[in-house]
Every structure is written in structure tokens, then in C-alpha cells.
Amino acid sequence: MATSRLMQHPILPVAPRADVPFTWDGCPSTAKAGEPIASAVMAHGVRVFGHHPKYGSPQGLWCANGQCAQCLVLADGRPVKACATPVVAGMDVRPLDGLPPLPADGARPTLGEVERREVPVLIVGGGPAGLAAAAELGAHGVPVLLLDDKDRLGGKLVL
Ligand code: FES
Numbered sequence: 041m042a043t044s045r046l047m048q049h050p051i052l053p054v055a056p057r058a059d060v061p062f063t064w065d066g067c068p069s070t071a072k073a074g075e076p077i078a079s080a081v082m083a084h085g086v087r088v089f090g091h092h093p094k095y096g097s098p099q100g101l102w103c104a105n106g107q108c109a110q111c112l113v114l115a116d117g118r119p120v121k122a123c124a125t126p127v128v129a130g131m132d133v134r135p136l137d138g139l140p141p142l143p144a145d146g147a148r149p150t151l152g153e154v155e156r157r158e159v160p161v162l163i164v165g166g167g168p169a170g171l172a173a174a175a176e177l178g179a180h181g182v183p184v185l186l187l188d189d190k191d192r193l194g195g196k197l198v199l
């Protein structure tokens, strides 16, 4: 299958990355190491990731930031946001047409221990504003807890 990816950029370097094999709707495909499912399938020309459970309308990339759930797919049988889920070698990725299946045994997911902390300031959101607030408070010796829904902070802080 032909791919379309940026291999060079006028400002940003594009480092070479290893290929990661996975399947899309049963067909062998490749992602680049660390690439989200959405980027990997779009590089192979896929624009529709599934269909709305009620209206049947095509679903796909919308916010590209893990906020809307328009990009839900099934990865190894579990519903995931394609824009926020990296491809793992051997992953079986399929379109989500309708509602995702419930676990066969009806078991609820096990949640881990909830850690309790008391801090003077809680910042929700690790974007540029949250990072700047945390840095400013930290510079004044104020303990801060910064929470974000991503697995890494995306803002670039320049002080
Ligand atoms: S495109 Fe919105 S959550 Fe993935």
C-alpha cells in the first residue's frame, strides 16, 4: 500500500523511525515507531475510521487532540482514540462501526489506588498557560500539582 508522509520539513527535522507492523481491518500495514493509530492509517489513505452508532455517518479525525472521540477504533478488540493511541507492533486495528462491544464477562475494569495529595494550588491542563502558571508559582516557592489528560506535556515553555 502506498503511503503519504512528510519526509522532510522546511523548519523541523524529520528523524528516521523504524517501521512498526500492524493490521488495519485485517490488512497488513506499517506505522512509524511512536506514531498514533490515526497518523498511521491516514498515511495509508484511510480517512474514515468507522461510522456513528445512531446516524451511520462517517467518523474520523476531528480534534486530533484526544478530546472528541470522533476517531474511535478497535485496537486489539478495545475501543481507543486513534489520535491518542500509539501503534504497538502486531496491533490489530479495526474500524468501529456502531457501538464498541462490551466485555463478554461483564467485568468492570479494575481501578488502581487513588493517591491523595494536599497542595495549595492545583492546575488542570499542561498546555502553555498551565505550564507558565506552574513555573511562575514554583519560582515563588508555591507547591503546585499540575494535571493533564495526556501522557506527556505538550506545551513549550520559554521564560
Ligand atoms: S480526533 Fe478527537 S479524540 Fe481523536
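Be aware that the sequence shown starts at 41, since it is given in my numbering, and climbs by one per residue. Glycine included, every Cβ here is placed at the ideal spot set by N, Cα and C. As the structure is a prediction and not an experimental result, all values here were calculated from the model.
- Item | Contacting residues, own chain, Cβ-Cβ under 8 Å from Gln48 (five flanking each side not counted) | Val54
- Kindly indicate the opening and closing residues of the alpha helix (DSSP H) around Ala169. 168-179
- Task: With a 10 Å radius around its C-beta and 16 neighbouring C-beta atoms as the bar for buried, classify Gly181 as buried or exposed.
- Result: exposed
- Item | Gln107 classed as buried or exposed, judged by whether at least 16 other C-beta atoms fall within 10 angstroms | exposed
- Message: Can you list, in chain order, the residues of its chain with a C-beta nearer than 6 Å to that of Pro93? Leave out the 5 residues immediately preceding and following it.
- Response: Gly138, Leu139
- Message: Let's test the definition: count the other Cβ atoms within 10 Å of the Cβ of Lys121 and tell me whether it reaches 16, buried, or not, exposed.
- Response: buried
- Message: Below 8 Å, how does it come out for the region 89-105 and the region 127-138: are there three or more Cβ pairs, yes or no?
- Response: yes
- Query: Could you check where the alpha helix (DSSP H) with Ser79 kicks off and where it finishes?
  - Reply: 77-83
- Query: Does DSSP classify Cys67 as helix, strand or coil?
  - Reply: strand
- Starting from Ile51 and walking both ways along the beta strand (DSSP E), at which residues does that stretch end? Neither: Ile51 is in no beta strand (DSSP E) and is coded neither H nor E.
- Message: Can you find the residues in the same chain that come closer than 7 Å, C-beta to C-beta, to Arg45, ignoring five residues on each side of it along the sequence?
- Response: Ala83
- Residue closest to Pro68, alpha-carbon to alpha-carbon, out of Val60, Gly74, Glu75: Val60
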